[in-house]
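Asks: The numbering used here numbers the first residue of the sequence shown as 6 and each following residue consecutively.
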Amino acid sequence: MKDQASFKKQLITAFKNLKKRKVAWASLILAFGLLIGKLAGLIKLRMFAHYFGIGPALDVFFAATTIADVWAQILITGVIYMVLVPFFSKLAKKRKDLLEGVVAVNTLFVLITLIVWGLGVLLVSLGTQVLIESLSRFNVSVALTSADLKTYQGWFISVFRLSFIPVIFLVTTNVWAMFLHSLRKFTVPSLITLIFNLGTVIALFIFHRYHISEGPIMIINSVIFGAFVTAVLIVTYSVKQYKASSAVFLKGIKLAFSKEFFEDLIDLFRASIVRFTEFLTSQLGYMFSVFWLVNLGSGILSGYKYAETLRLLFLQIFVLSAAQALFPYISDLAVKNEGKQVFEKTIKLLKITLLLALIVGIFYMLFADLIVSLLFDGNLSLKAKTYISTILVFSVLLMVAQATIIPLKRVVYAYNKGKYALYSEIIAMVFRVFLGVALTLLILSKTGLNHVAAGYYMLAVGVGYSVASVFLLYKVLKLTKW
Numbered sequence: 006m007k008d009q010a011s012f013k014k015q016l017i018t019a020f021k022n023l024k025k026r027k028v029a030w031a032s033l034i035l036a037f038g039l040l041i042g043k044l045a046g047l048i049k050l051r052m053f054a055h056y057f058g059i060g061p062a063l064d065v066f067f068a069a070t071t072i073a074d075v076w077a078q079i080l081i082t083g084v085i086y087m088v089l090v091p092f093f094s095k096l097a098k099k100r101k102d103l104l105e106g107v108v109a110v111n112t113l114f115v116l117i118t119l120i121v122w123g124l125g126v127l128l129v130s131l132g133t134q135v136l137i138e139s140l141s142r143f144n145v146s147v148a149l150t151s152a153d154l155k156t157y158q159g160w161f162i163s164v165f166r167l168s169f170i171p172v173i174f175l176v177t178t179n180v181w182a183m184f185l186h187s188l189r190k191f192t193v194p195s196l197i198t199l200i201f202n203l204g205t206v207i208a209l210f211i212f213h214r215y216h217i218s219e220g221p222i223m224i225i226n227s228v229i230f231g232a233f234v235t236a237v238l239i240v241t242y243s244v245k246q247y248k249a250s251s252a253v254f255l256k257g258i259k260l261a262f263s264k265e266f267f268e269d270l271i272d273l274f275r276a277s278i279v280r281f282t283e284f285l286t287s288q289l290g291y292m293f294s295v296f297w298l299v300n301l302g303s304g305i306l307s308g309y310k311y312a313e314t315l316r317l318l319f320l321q322i323f324v325l326s327a328a329q330a331l332f333p334y335i336s337d338l339a340v341k342n343e344g345k346q347v348f349e350k351t352i353k354l355l356k357i358t359l360l361l362a363l364i365v366g367i368f369y370m371l372f373a374d375l376i377v378s379l380l381f382d383g384n385l386s387l388k389a390k391t392y393i394s395t396i397l398v399f400s401v402l403l404m405v406a407q408a409t410i411i412p413l414k415r416v417v418y419a420y421n422k423g424k425y426a427l428y429s430e431i432i433a434m435v436f437r438v439f440l441g442v443a444l445t446l447l448i449l450s451k452t453g454l455n456h457v458a459a460g461y462y463m464l465a466v467g468v469g470y471s472v473a474s475v476f477l478l479y480k481v482l483k484l485t486k487w
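#1: Near residue 471, which residues of its chain fall below 7 Å by C-beta distance, leaving aside the five closest residues on each side in sequence?
#2: Okay, do the region 461-479 and the region 386-403 touch, 3+ Cβ pairs below 8 Å being the bar?
#3: Answer yes or no: do residue 411 and residue 473 have a C-beta to C-beta separation smaller than 9 Å?
#4: With DSSP collapsed to three states, give me the class of residue 491.
#5: Can you tell me whether DSSP reads residue 300 as helix, strand or coil?
#6: Do you know how far the Cα of residue 430 is from the Cα of residue 478?
#7: Helix, strand or coil for residue 145 per DSSP?
#8: Does the distance from the CB of residue 75 to the CB of residue 288 come in under 9 Å?
#9: Apart from the five residues just before and just after residue 166, which ones in its own chain have a Cβ nearer than 6 Å to its Cβ?
#10: Is any beta-carbon of chain C found at less than 9 Å from that of residue 36?
#11: Can you name, in chain order, every residue of its own chain whose Cβ lies under 8 Å from the Cβ of residue 12, other than the five neighbours on each side?
#12: Return helix, strand or coil for residue 55, following the three-state DSSP convention.
#13: Taking Cβ positions, are residue 197 and residue 208 nearer each other than 9 Å?
#14: Any idea what DSSP makes of residue 466, helix, strand or coil?
#15: From which residue to which residue does the alpha helix (DSSP H) around residue 429 run?
#16: For residue 325, report the span of its alpha helix (DSSP H) as first-last.
#17: Can you list, in chain order, the residues of its chain whose CB lies under 6 Å from that of residue 480, leaving out five sequence neighbours each side?
#18: Can you tell me which of 185, 54 and 161 puts its alpha carbon nearest to the alpha carbon of residue 103?
#19: Is it buried or exposed, residue 443, if we count other Cβ atoms within 10 angstroms and call 16 or more buried?
#20: Can you tell me where the alpha helix (DSSP H) holding residue 342 begins and where it ends?
#21: DSSP three-state label for residue 454, please.
#22: Which same chain residues end up closer than 8 Å to residue 226 when comparing Cβ atoms and leaving out the 5 residues on each side of it in sequence?
#23: Whole angstroms are fine: how far does the CA of residue 307 sit from the CA of residue 297?
#24: For residue 313, tell me which candidate among 254, 122, 466 and 234 has the shortest Cα-Cα distance.
#25: Compare the beta carbon distance of residue 65 and residue 228 with 9 Å and say whether it is the shorter of the two.
#26: From residue 446 to residue 381, what does the alpha carbon distance come to, in whole angstroms?
#27: Are the region 378-394 and the region 238-254 touching by the rule of at least three beta carbon pairs closer than 8 Å?
#28: What does a CB cutoff of less than 8 Å around residue 318 pick up in its chain, not counting 5 residues either side in sequence?
#29: Among 60, 39 and 415, whose alpha-carbon lies nearest the alpha-carbon of residue 220?
#30: For the region 200-275, which segments carrying the alpha helix (DSSP H) assignment without a break, of at least 4 residues, lie completely within its bounds, in sequence order?
#31: Could you check if residue 246 is buried or exposed, using at least 16 other CB atoms within 10 Å of its CB as the buried criterion?
#32: Would you mind giving the Cβ-Cβ distance between residue 179 and residue 258, rounded to the nearest angstrom? I have them listed as a contact below 8 Å.
#33: Could you round the C-beta distance between residue 392 and residue 305 to whole angstroms and report it? I think they count as a contact, below 8 Å.
#34: From which residue to which residue does the alpha helix (DSSP H) around residue 194 run?
#35: Run the CB neighbour count on residue 80, radius 10 Å, all protein chains shown included, and call it buried at 16 or more, exposed below.
#36: With C-beta atoms as the reference, is residue 323 less than 9 Å away from residue 363?
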């Protein structure tokens, strides 16, 4: 009994000490939030597999939402995270009510998203014939009737038109989340992924049970519902916590169009332009991958998206959460010109992330077939599982490279040298386009196996990011004067 009491006391002491270590505690909160969110994401993936398998219908959904996904990633991961925390800190010094600034930023981001959505719909309307001709490529490896093909084409256009609606809600959610992060409140924002995925799962179940819409339309409607619920809950929490009145929102909307706030936005634009360009390059590379893989035949893109979810599960839980928590502290050290401490903290983080990446990578390589079978047992055909496991195995090098490059990017941004992160993405893009396409065509000509060719394409992307990570490490060594 004494031993049990002593162990319990040690555990409580360790827990209290961890809370005192701000970076570690913030990392733990973010990692736990991402973990339960991604577990909900796996449930969502199983529902996709159960209802749609892999094939043209799901390929249409992923292809049609690619542009909206890229736009969301550029805004949310690319710009909002890196620039809004310091921007809100600056606003807090200038204004008594920080919420006015949050509402103003939200108003402008939503307007921008609506404008882009409108332009996208206009583009689809004007270029329908071009899209239809492009979509005929879905007929590469399966014999579709003309009626089936017409259905898929109609789905594509409808999903594309709807795809920016969840982006509006998610952008709103993440602006408020960064507001909470700037106040060092991590717990509720860490639950965004969980709420979004659970909302999508519940909606998908209801829509399928009661036959509300069909195919990709059902999926995008479920995603819209999940994004809407997430935005409402996060905004409600923030507003209640800070007891904002309707007058605050009216002031915030007026502030968004004021000359004074426009001057603040110029500073925000200057801070974000390099990050925006770098992330845009990354997302253009992602778009290239999507539209290249979809041309390899029915089910290849779906298999890639399933494998990508499993790869990102590790990266987002362990690597991204630690890098996000460390970023503000590295920035402080960089401002103080403490290069030695920056390098030491970065190397410590890299040792942990690389060790975990290697362990997870080896595990994926040895047990990819088993993992996929356990996750999707009874939901996917053997052929579909083979697609996923093959692409997953070939993506291991990419996972290890990204576990290296994510912390290194934070360091160059801490030193206000985001151009090096941009150069690293250009290096990765060159390998993705030239080596990736060359390997794909070579393997396809020799084996005729589309999923193996897709695997070698992912290997080429991994090579590109490996070279880019070496380049960034060299630049970090120079910046920290190590």
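Just so it is clear, CB atoms sit at the ideal spot from N, CA and C, and this is done for glycine as well.
Replies: For this structure:
#1: Excluding residues within five positions, the ones whose Cβ falls inside 7 Å are 402 and 406.
#2: Yes: at least three Cβ pairs fall under 8 Å.
#3: No; because the gap between Cβ atoms is not below 9 Å, this pair is not in contact.
#4: Absent from the structure is residue 491, since the part of the chain shown begins at 6 and ends at 487.
#5: Coil at residue 300, not helix or strand.
#6: If I take the Cα positions, the gap works out to 14 Å.
#7: Confidence at residue 145 is low in this model, with a pLDDT of 40, below 50, so the placement of that residue should be treated as unreliable; the coordinate-derived value is given next. Coil.
#8: In contact: residue 75 and residue 288 (Cβ atoms closer than 9 Å).
#9: Within the same chain, Cβ atoms closer than 6 Å to the Cβ of residue 166 are found at 126, the five residues on either side in sequence being excluded.
#10: In the displayed structure, chain C is absent; only one protein chain is listed.
#11: Only weak support is given to the placement of residue 12: the predicted model assigns it a pLDDT of 39, under 50, and the question is left unresolved by the model.
#12: Note: residue 55 maps to helix in three-state DSSP.
#13: Taking C-beta atoms as the reference points, residue 197 and residue 208 fail to come closer than 9 Å.
#14: Three-state result, residue 466: helix.
#15: Where residue 429 is concerned, the enclosing alpha helix (DSSP H) stretches over 423-435.
#16: Per DSSP, residue 325 belongs to no alpha helix (DSSP H) and is neither H nor E.
#17: Here the set comprises 425.
#18: Just measuring C-alpha positions, the residue of 185, 54 and 161 sitting nearest residue 103 is 185.
#19: Classification of residue 443: exposed, given that the 10 Å Cβ count is below 16.
#20: Counting along the chain, residue 342 sits inside no alpha helix (DSSP H), nor does DSSP assign it H or E at all.
#21: Coil at residue 454, not helix or strand.
#22: Cβ within range, chain order: 167, 208, 212, 217 and 218.
#23: Their backbone Cα atoms lie some 13 Å apart in a straight line.
#24: If we check each option's Cα against that of residue 313, 466 comes out closest.
#25: Residue 65 places its beta carbon 9 Å or farther from that of residue 228.
#26: When the Cα atoms are used, residue 446 and residue 381 turn out to be separated by approximately 30 Å.
#27: Short answer: they don't touch.
#28: Within its own chain, the residues whose Cβ lies closer than 8 Å to the Cβ of residue 318, once the five positions on either side in sequence are excluded, are 43, 46 and 47, listed in chain order.
#29: Nearest C-alpha to residue 220: 60.
#30: Entirely contained in the region 200-275, the alpha helix (DSSP H) runs reaching 4 residues are, in chain order, 220-246 and 251-261.
#31: Looking at its Cβ environment, which holds fewer than 16 other Cβ atoms inside 10 Å, residue 246 is exposed.
#32: Incorrect: roughly 19 Å between the Cβ atoms, too far for contact.
#33: For residue 392 against residue 305, the beta-carbon gap comes to about 7 Å, under 8 Å, which counts as contact.
#34: It is not in any alpha helix (DSSP H) - residue 194 carries neither H nor E in the DSSP assignment.
#35: Residue 80 counts as buried, since no fewer than 16 other beta carbons sit within 10 angstroms of its beta carbon.
#36: A distance of 9 Å or more separates the beta carbons of residue 323 and residue 363.
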